[in-house]
Amino acid sequence: MRWALVRVCLAVTTMVVVAFAVPLGLVVREMARDRAFSNAEREAAVVVPALSITTDREELERVVASAGSDDGMAVHIPAGDGRAAVDLGRRRAAEADVVAVRKLGRASTAEVPGGSVLLQPVALGLGTVVVEVYVPESEVTNGVGTAWAVLAGVGIALVLGSVAVADRLGVRMVRPARRLVEGAHELGEGKLGARVPEEGPDELRRAAVAFNSMADQVVQLLANERELAADLSHRLRTPLTVLRLNAASLGDSPAAEQTRTAVAQLEREVDTIIRTAREAKPQTTAPGAGAGCDAAEVVRERMAFWSALAEDEGRKVRTAGVDRPVRIPVARADLAAALDALLGNVFRHTPEGTAFAVDVHNGGDAVIVLVSDAGPGIPDPETAMARGRGSGTTGSTGLGLDIVRRLAESTGGDVRIGRSVLGGTEIRVWLQLDGRAPLRRGHRGAVRKRRRTAAG
1 MRWALVRVCL
11 AVTTMVVVAF
21 AVPLGLVVRE
31 MARDRAFSNA
41 EREAAVVVPA
51 LSITTDREEL
61 ERVVASAGSD
71 DGMAVHIPAG
81 DGRAAVDLGR
91 RRAAEADVVA
101 VRKLGRASTA
111 EVPGGSVLLQ
121 PVALGLGTVV
131 VEVYVPESEV
141 TNGVGTAWAV
151 LAGVGIALVL
161 GSVAVADRLG
171 VRMVRPARRL
181 VEGAHELGEG
191 KLGARVPEEG
201 PDELRRAAVA
211 FNSMADQVVQ
221 LLANERELAA
231 DLSHRLRTPL
241 TVLRLNAASL
251 GDSPAAEQTR
261 TAVAQLEREV
271 DTIIRTAREA
281 KPQTTAPGAG
291 AGCDAAEVVR
301 ERMAFWSALA
311 EDEGRKVRTA
321 GVDRPVRIPV
331 ARADLAAALD
341 ALLGNVFRHT
351 PEGTAFAVDV
361 HNGGDAVIVL
371 VSDAGPGIPD
381 PETAMARGRG
391 SGTTGSTGLG
401 LDIVRRLAES
411 TGGDVRIGRS
421 VLGGTEIRVW
431 LQLDGRAPLR
441 RGHRGAVRKR
451 RRTAAG
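Written out as structure tokens, the structure is:
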């Protein structure tokens with residue numbers, strides 16, 4: 001905007017300067033020419049009284065010499081009464097021009113080498129005498145160059161002045177707009193304290209007021225949501241306490257111990273939700289260097305947890321690729337929550353006895369976690385990935401898959417839903433290790449190769 005305003009002002013000012021300076025320069029040149037020929041007319045008028053008094057050649061030559069300058073004057077006396085034509089002074093005009101002026105009886109100008117001549121006729125008793133006055137080109141253009149230089153300097157000064165004024169106006173308009181853009185970026189990055197000065201033109205000032213009001217409302221809405229999430233989570237403490245007391249009375253069986261472990265984990269998750277919801281500032285920074293976990297260890301741990309339930313329901317379970325450490329750039333709790341969401345969906349949406357498998361493939365620059373089952377599959381994967389919609393079955397909201405998707409995208413990866421080799425659903429979680437965009441070609445073949453190796 002700033003440079004556009006400067007260019008517009010430059011173009012307009014240049015056109016105005018040209019429109020006025022060019023005609024004014026032509027007027028100055030014409031005035032210089034008129035001044036030069038006016039001086040020539042005055043010089044010609046000096047010899048007219050002498051011509052009316054005497055026709056003596058010597059007297060006229062002295063008059064011409066005293067009136068002319070550097071041989072700049074000549075007098076042409078016509079022939080008559082047995083007298084030959086006489087030319088006094090240095091003649092420059094052509095004979096035809098002199099005869100034409102004598103016939104017309106009015107002054108005229110003619111071009112000659114080095115300038116122009118003024119031919120002034122004077123009617124006397126002996127005939128029409130023509131007085132010739134030479135006007136050199138330097139006298140005609142005297143002062144014109146200086147005047148044009150002054151006009152050019154004034155025009156350039158006007159153009160530069162207008163550009164400077166336009167630039168200041170552009171800065172006054174652009175600076176508030178730039179601050180508004182920066183504030184919007186900061187707010188989008190999670191800096192909830194971002195505000196912009198309410199200054200500048202009236203329109204931008206109103207935009208700044210609206211932005212600051214919007215930012216205040218966003219902060220208030222987030223605070224209300226955090227409090228609501230904390231309050232709702234806190235309400236879970238009462239039924240969790242009842243569950244913990246009931247689990248304590250179940251005895252020492254493996255199922256009882258598993259129930260107590262699940263209740264304890266649920267209590268920890270609720271506490272984490274409450275603490276996170278009541279934080280004054282949202283978490284907007286990525287994990288630092290060294291952050292992450294061993295995916296193989298987390299998969300082994302969560303599969304050990306879910307295997308007991310799988311055994312009770314008669315499900316066959318298989319894992320692959322967890323025999324060696326696989327480091328990934330995500331927190332242990334986040335990966336565990338994502339695996340629980342995926343495995344929970346298997347138990348929730350497939351019949352008892354349905355087999356499932358978890359494969360981990362380390363591709364060097366990315367890690368792929370595959371959760372496969374032999375269930376009926378997902379008819380509309382796109383809808384299943386939509387947060388708040390799910391697959392359409394009872395109890396499906398899409399929040400579990402949304403957790404998995406956000407986990408993968410935080411590393412530059414993605415989540416895909418397809419058909420598994422077991423005949424049901426295959427959910428592929430692509431975790432990028434170097435933050436680059438996920439690979440699109442070749443990974444499916446690598447995954448199949450890994451599966452064949454594990455099966456063998």
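Once you know that position 29 of the sequence shown is 29 in the numbering used here, the rest is easy, because the numbers rise by one and skip nothing. Glycine included, C-beta positions come from ideal geometry on N, C-alpha and C. Treat the numbers as computed from the prediction; the structure is a model and nothing was measured.
Measuring CA to CA, which of E132, A123, L124 is closest to S108?
-> E132
In angstroms, rounded to a whole number, what distance separates the CA positions of C9 and A32?
-> 34 Å
Look at the alpha carbon of G288 and the alpha carbon of E257, and state the distance between them as a whole number of angstroms.
-> With a pLDDT of 46 at G288, under the threshold of 50, the modelled position of that residue is not reliable, and the figure given next carries that caveat. Whole-angstrom Cα-Cα distance: 36 Å.
Since I believe V135 is in contact with A36 (beta carbons under 8 Å), could you give me their beta-carbon distance rounded to a whole number of angstroms?
-> 5 Å
Mapping DSSP to helix, strand and coil, what is I378?
-> coil
Contact between the stretch 370–377 and the stretch 340–354 (3+ Cβ pairs under 8 Å) | By the Cβ test, the stretch 370–377 is in contact with the stretch 340–354, since at least three Cβ pairs between them sit closer than 8 Å.
Going straight from the alpha carbon of P176 to that of E199, what length do you get?
-> 7 Å
What residue range is occupied by the uninterrupted beta strand (DSSP E) comprising P136?
-> 127–136
From P78, L433, V16, T146, residue whose alpha carbon lies closest to that of S162 = V16
Can you give the Cα-Cα distance for G424 and G375, rounded to whole angstroms?
-> One alpha carbon belongs to G424, the other to G375, and they sit about 5 Å apart.
Output yes or no for whether 8 Å exceeds the beta carbon distance between M457 and V326.
-> In the structure as shown, the chain starts at 1 and stops at 456, and residue 457 therefore has no counterpart that could be examined.
Compare the C-alpha of D334 against each of A355, L309, T411 and name the closest.
-> T411
CB contact flag (M173, P201, <8 Å) | yes
Can you check DSSP and say which residues form a bridge with D373?
-> F356
Flag this pair as yes or no: are the beta carbons of L422 and A366 separated by less than 8 Å?
-> Cβ atoms of L422 and A366: not closer than 8 Å.
Could you have a look at G418 and say whether DSSP puts it in helix, strand or coil?
-> strand
Would you identify the three-state DSSP class for D97, choosing helix, strand or coil?
-> helix
Those runs of the alpha helix (DSSP H) which lie wholly inside the stretch 144–189 and span at least 4 residues | 144–188
Please classify S420: is it buried, with 16 or more other beta-carbons within 10 angstroms of its beta-carbon, or exposed?
-> buried
On the DSSP bridge assignment, give the partners of M73 in chain order.
-> For M73, which the question treats as bridged, DSSP gives the partners V133.
Backbone CA spacing between P379 and G418 [nearest angstrom] | Distance between the alpha carbons of P379 and G418 is about 10 Å.
Could you give the distance in angstroms between the alpha-carbon of D402 and the alpha-carbon of V165?
-> 55 Å
Inter-residue Cα distance where the pair is V270 and R168 | 57 Å
For L187, count neighbouring C-beta atoms within 10 Å of its own C-beta (all shown protein chains included) and say buried if the count is 16 or more, exposed if not.
-> With 16 or more neighbouring CB atoms inside 10 Å of its own CB, L187 falls in the buried class.
Proximity of V129 and V140 at Cβ, strictly below 8 Å = no
Can you tell me whether S249 is buried or exposed, with buried defined as 16 or more other CB within 10 angstroms of its CB?
-> So S249 counts as exposed.
In the DSSP assignment, find the unbroken beta strand (DSSP E) run with E297 in it and report its ends.
-> Per DSSP, E297 belongs to no beta strand (DSSP E); it is in the alpha helix (DSSP H), 295–312.
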